[in-house]
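K.L.:
If you scroll down you'll find the structure; I have some questions about it.
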Amino acid sequence: MSTISKKICLIGDFGVGKTSLIRRFIDRQFSDRYLSTVGVKISRKIIEQPELGRSGKRELQLLMWDIEGSTKFKSIAPSYLQGAKGAIIVGDVTRQETLIAMPDHARNFLAINPQGSVTLALNKSDLVEAEKLPRLLQLVQVPHEARILATYTTSAKSGQDVDRIFQTLADNLLEQHELPV
Amino acid sequence: MAQLEDTSAAPAAFSKPVEAPIERFLDLLADLQIMPRPKDLEQNTDGEKVPPQSPQQFEYADRTADVAEVSPDITQAVEFSSPPDASLSTVEFSLLPDANATVDRASDASVIEILEFFESLAAPQSALPDVEKMFVDTNCAPIRPLNPPILGDSEQKRLESKPELGGWGASAKLHANLQTLSEANIENLDDRPSLDYRLISDSVENSGSAIVLSATAPNSLTPSASDDPTVAVEHLIELLQELLLGSELAEVRESTLVLERKLEILQHQIYEPEELLNLLMPIIANLLSRKVEVSRDEICQTLVPIIDEVIQKSIKRDGHAMSMALASVIPAAISQQIREAPAEIAKAIAPEMGAAIKQQIVLERDAMVDALYPVIGDTISKYLAEAIRAINEKVANTLSMEGIQRKIRAKVQGVSEAELIFREAMPFTIQAIFLIHKSSGLVIAEVQRSDGQQLESEMVAGMLTAIRSFANDCIVQPGHTSELAEIDYSNSKIILEVAGYCYLAVVAQGELPQRLIAKIRQALGQIIQRYSSPIESFDGDPDTIPESLHPILRHLMEEGQPNSPTAAKSSYGALVSIGLVALGLILIPWGIYQYRYGADRRLETQVAMALASAPDLAFYPITPKVNQKTLKLTGQVPNEHLRQRAAQVATMNTPGLTLNNRVVAMEMSQDQSQAAAEVRRIAAIMNQMTGVAISTRYTAGRVTVEGTVSRMVDATRITQSLEQVPGVRSVSSTLKFQPFRIETRFYFNIASAEIVPLDRGYKIQQIKSFLDQNPEKSLQIIGHSSPASSPLETQTIALQRARTVEATLLKLGVDPLRLKVSGTTDLPTGVEVAHPLWLSRCVEFVPIAIANQSPSKMPK
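Heads up: the protein sequence lines correspond to chains A and B, in order. Heads up: the first sequence is residues 569 to 749, going by the working numbering. Heads up: the second sequence is residues 79 to 938, going by the working numbering.
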């Protein structure tokens, strides 16, 4: 059994909850305090994937690059995205402009990593009524993009779909890895 | 004409039902001619639709289907089948073009008329009465009465039994044509009736059966002739045709048809480009290759002028296809050219080389870096190493004890001095080495110290990658490329050595020596050279990296441990140590010897100096030799006294040494001259002494000395010295004692004790100098006054004068104990009564020895 390492990125506008999602995923914790990420913060988590792949059970080490949120004045440095196999594009359901920016983030990422996989996270879903969500989901649709695996409404606070979004990406990365080159 | 006779001579032919063969023959004749072909045949036999030349023609062909040929065609046929010399055919021929021309030139009305007529012919039987009527209208009625006498019975019957349409058609057509002819062209024909008559009358003469023909022919041509005879002639011709064209020609006609069809097809194939293409297609390649086989050069020469154009056009038309076609041969072509004319290729490529490299760097910098890394890294480091060595040499040349020591150690350990300084300052250890994928920041391979704290490699690698990215994005100016080389933090540092797709991070404590950095670069170069492709495609799976990469890192790690003397280095060190010990064994005794030798030489010099400065020994060659604790004196002196004296002088200067006096005291020769020279030499030496001024005279063992000395001791010494000269038996001395005198005197005005201003500077200074130079002397300052010049000149004023001078000297810092003053009215030394009086008003100085000073001696 060997450990395969993969780099994934969390991309999104500032303050959408990228760091919180990672914190929830790794530490099972959440804090209301807003801490702006400067540059990039790297975390890792090993995910065990039972009975997947040719060589049986394998470990997947996710290296999560929590990249500082983009603003109107500062876009994401492309070099941070290089070499990533997957990305979670995060938006904030309470701020519509962050959702509108998500397709652009996805396209940017896929331009640098054409073989990469992307999941979309509509974060802070605990802050809006459930009935509003389908309409918001419409905003982030990227048509004709096969590399976008799924879209989830997540909440780092409640933990809703946080594990699932990482797991979906991880499963896909392993699948991709097992594909004969 | 002959033919005509032959056929006419066989009347049996007339009885044969020959209608069909005749038609076919006519068709054939027509076909064989290049003249306008009867279209009806094509239509009827082939069913092929050939486009008509004109609507009229088309109509014409259509309407004359299955109808006996029209007169022009018949006449043509006759003309064609008959020999060229036949006059009749000539006539007919001359007519024919006119007839044709007539038809062509005929008014539209007449053509339409004819067409209408044929239309009615083609109409069903019911239309017959109209036709009949038409014949009547056009005066065709006389045809019938005319026919019987001309045609045979059988022919008559045949004509009658012929289908109405055919018979009518033939007659009608003939009629129509002839009518047109007569109507339109009477004027034209008028020109040559005489010829026609003549020719035809010729034919009449020649053939009996043709009489009718001959007779009718002129009639038909004359404008006054009626239509009836013309038709009859035509019929006759037809008959003749039938006679000529026997049934045996049926098969000829068949084959002709086949030929015709083939010709048709051929023509079609030749004139239709598409068909022609199809025709030529299969053989064109064959043709070309055959041609090439036969005459290669010709083909070449044909193609040469246009081949470049062809290629250019082809490229213009479809560049991509052309590239595809040429692609496979281009590499081979280039290599061939490089082999044959490398300089040309270089010349061609060179101007774009720089641009190409730049472009490649723009396109894929990493690949370029990887390609050049192993070479450039080495080259640069070699160059730098040389430069640094040169600098190092200069710095290290500054001599100091510590510097020399360090130098020695640097030599022993085989490292540079600067490196040694660094190493002394901070010892280093490599803690970890990571080989990191450049873009993703994943760890490709790692090695860490087993005893220290383990680093989280993935996190370190990720952060380093992020920092590198940050530096490259935010700090490095756009357009420039530079790399983060190291990260320093307190005593530790991370050295980053970057290649194309990966970089090596070395975490180390202390100052890494240059040697190790070179090793790191070397290791990375090695890794890139061997494992470039698995590194480039690394996707986080450590299994894809060959196992053989790890030993390179481990080896580097071992190099980086503080106490890792390699075998080679230690043996080198040992060798140096042994060498040094051997050198020491040689150098130390030699050094001691050198030191002693130096000391001995110093003593020798000291003794020699002492001997030389002893006046009585100075003339004799005495050599001192010091060996360790013994002083050996060798040389010759004239007597035992001097021998003792030499020993005494030597011992005084070298207290601790044992004296080995080998000086020989030998009696010099009794030679007078030698003795005299010796005496002179002593005198010369003595004269060097202060206050000594002597001269000697040697006569037969007697020496007479004259002169003065300033000290009595000197007089004694001179006498003794001279007595010791061999050959001198007695010395008589008349030496005078002459103490030091100072000629300087201060003169005063009458009754004044003031020093004249002029004397205050130089004269006073002279006195001061004397005192300084002769510290053993004191000065008696004696003031004088001259009572003879004035009653005021008393002893008191004399004393005052002495005191004034004393006071002035005291001011200059002269010890007061060295100055004595007195005053007198006596004349000064050397001044007589007769001398001017002012000489007596003075102060004079008398030097006196301090030891001998006795104030009582001073005169008052």
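We treat Cβ as the ideally placed atom computed from N, Cα and C, and that holds for glycine.
(1) Closer than 7 Å by C-beta to Ile733 of chain A: which residues in its own chain qualify, once you throw out the five before and the five after it? Chain order, please.
(2) Can you tell me where the beta strand (DSSP E) holding Val493 of chain B begins and where it ends?
(3) Who are the neighbours of Gly578 of chain B on chain A, taking C-beta pairs under 7 Å?
(4) Across which residues does DSSP place Arg680 of chain B in a beta bridge pair?
(5) Of the residues A:Val710, A:Arg715, A:Leu649 and A:Leu707, which one's Cα is nearest the Cα of Ile610 of chain A?
(6) Hey, how far is the Cα of Ile615 of chain A from the Cα of Ala445 of chain B?
(7) In chain order, what residues of the same chain lie with their CB nearer than 7 Å to the CB of Pro894 of chain B, ignoring the 5 residues before and after it?
(8) Are Glu536 of chain B and Leu631 of chain A close, meaning C-beta to C-beta below 8 Å?
(9) Using alpha carbons as the reference points, say which of B:Tyr698, B:Gln706 and B:Met687 lies closest to Tyr671 of chain B.
(10) Ser615 of chain B by DSSP, collapsed to three states: which one?
(11) So, does the CB of Ala646 of chain B fall closer than 8 Å to a CB anywhere in chain A?
(12) Using a Cβ-Cβ distance under 8 Å, would Asn550 of chain B count as near chain A?
(13) Hey, how far is the Cα of Ser588 of chain A from the Cα of Val606 of chain A?
(14) With a cut-off of 8 Å, does the C-beta of Ala510 of chain B fall near any C-beta of chain A?
(15) Got a sec: is the Cβ-Cβ distance from Ile610 of chain A to anything in chain B below 8 Å?
(16) May I have a chain-ordered list of the beta strand (DSSP E) segments no shorter than 3 residues that lie completely inside the region 625-655 of chain A?
(17) Might you give, ordered along the chain, the residues of its own chain that have their beta carbon closer than 6 Å to the beta carbon of Lys754 of chain B, omitting 5 neighbours on each side?
(18) Give every residue of the same chain whose Cβ lies closer than 7 Å to the Cβ of Val727 of chain B, excluding the five residues on either side of it in the sequence, and list them in chain order.
(19) Does Glu126 of chain B get closer than 8 Å to chain A when you measure Cβ to Cβ?
(20) Tell me Leu813 of chain B's beta-bridge partners as DSSP assigns them.
(21) Could you please give the first and the last residue of the uninterrupted beta strand (DSSP E) stretch that includes Asp739 of chain A?
(22) Check whether the region 869-876 of chain B touches the region 848-855 of chain B, taking contact to mean three or more Cβ pairs, one atom from each stretch, closer than 8 Å.
(23) Taking only the alpha-carbon atoms, compute the straight-line gap between Glu627 of chain A and Leu520 of chain B and give it to the nearest angstrom.
(24) Which of the three DSSP states is assigned to Ala724 of chain A in this structure?
(25) Going by DSSP, what residue range makes up the beta strand (DSSP E) through Tyr776 of chain B?
(26) For Gln509 of chain B, which of helix, strand or coil comes out of DSSP?
(27) Thinking C-beta only, is Ile598 of chain B closer than 8 Å to Val585 of chain B?
(28) Residues in the same chain with beta-carbon distance under 8 Å from Ala405 of chain B, minus the five sequence neighbours each way, listed in chain order, please.
(29) What do you reckon, are the CB atoms on Glu682 of chain B and Val704 of chain B nearer than 8 Å?
(30) Rounding to the nearest angstrom, what Cα-Cα distance links Thr153 of chain B and Leu335 of chain B in this structure?
(31) Does Ala544 of chain B come within less than 8 Å of chain A when only Cβ atoms are used?
(32) Comparing C-alpha positions only, which one of A:Pro702, A:Leu742, A:Asp694 and A:Ala714 sits nearest to Gly585 of chain A?
(33) Flag Met537 of chain B as yes when its Cβ comes closer than 7 Å to any non-hydrogen atom of the ligand MN, and as no otherwise.
(34) How would you list, in chain order, the residues of chain B whose beta-carbon sits under 8 Å from the beta-carbon of Gly684 of chain A?
(35) What does Ala645 of chain A reach in chain B if we use C-beta pairs closer than 7 Å?
(36) Do you know how far the Cα of Ser528 of chain B is from the Cα of Pro629 of chain B?
P.N.:
In short, the structure shows the following:
(1) Ile656, Thr687, Ala689, Tyr720 and Thr722
(2) No beta strand (DSSP E) holds Val493 of chain B; DSSP gives it neither H nor E.
(3) Near Gly578 of chain B there are no residues of chain A at all, since even the closest Cβ is about 14 Å away, more than 7 Å.
(4) Paired residues: none, contrary to the question.
(5) A:Leu649
(6) 34 Å
(7) Leu888
(8) yes
(9) B:Gln706
(10) DSSP places Ser615 of chain B in coil when its eight states are reduced to three.
(11) Because Ala646 of chain B sits at a pLDDT of 43, beneath the cut-off of 50, its placement in the model cannot be relied upon, and the following sentence gives the value as read from the coordinates. No, Ala646 of chain B does not count as interfacial toward chain A.
(12) yes
(13) 14 Å
(14) no
(15) yes
(16) 626-635
(17) The sequence given here has Ala at residue 754 of chain B, not Lys. Only Tyr776 meet the Cβ criterion.
(18) Ala688, Leu689, Ala692 and Leu695
(19) Model confidence at Glu126 of chain B stands at a pLDDT of 43, short of 50, so the residue's coordinates are unreliable; what they give is reported in the following sentence. It does not: the Cβ of Glu126 of chain B has no partner Cβ on chain A nearer than 8 Å.
(20) B:Gly785
(21) From DSSP, Asp739 of chain A is part of no beta strand (DSSP E) but of the alpha helix (DSSP H) over Val730 to Glu746.
(22) no
(23) Taking the straight line from one Cα to the other gives about 15 Å.
(24) coil
(25) Taken as a continuous stretch (DSSP letters only), the beta strand (DSSP E) holding Tyr776 of chain B covers Ala771 to Thr777.
(26) strand
(27) Going by beta carbons, Val585 of chain B and Ile598 of chain B fall outside the 8 Å limit.
(28) none
(29) yes
(30) Here Thr153 of chain B scores only 42 on pLDDT, less than 50, and its place in the model is too uncertain to base an answer on.
(31) yes
(32) Residue A:Asp694 is the option with its Cα nearest to Gly585 of chain A.
(33) This structure lacks the ligand MN; in fact it carries no ligand of any kind.
(34) The premise fails here: Gly684 of chain A is roughly 11 Å from chain B at the closest Cβ pair, so nothing lies under 8 Å.
(35) Within 7 Å Cβ-Cβ: Ser547 and Asp551.
(36) 15 Å
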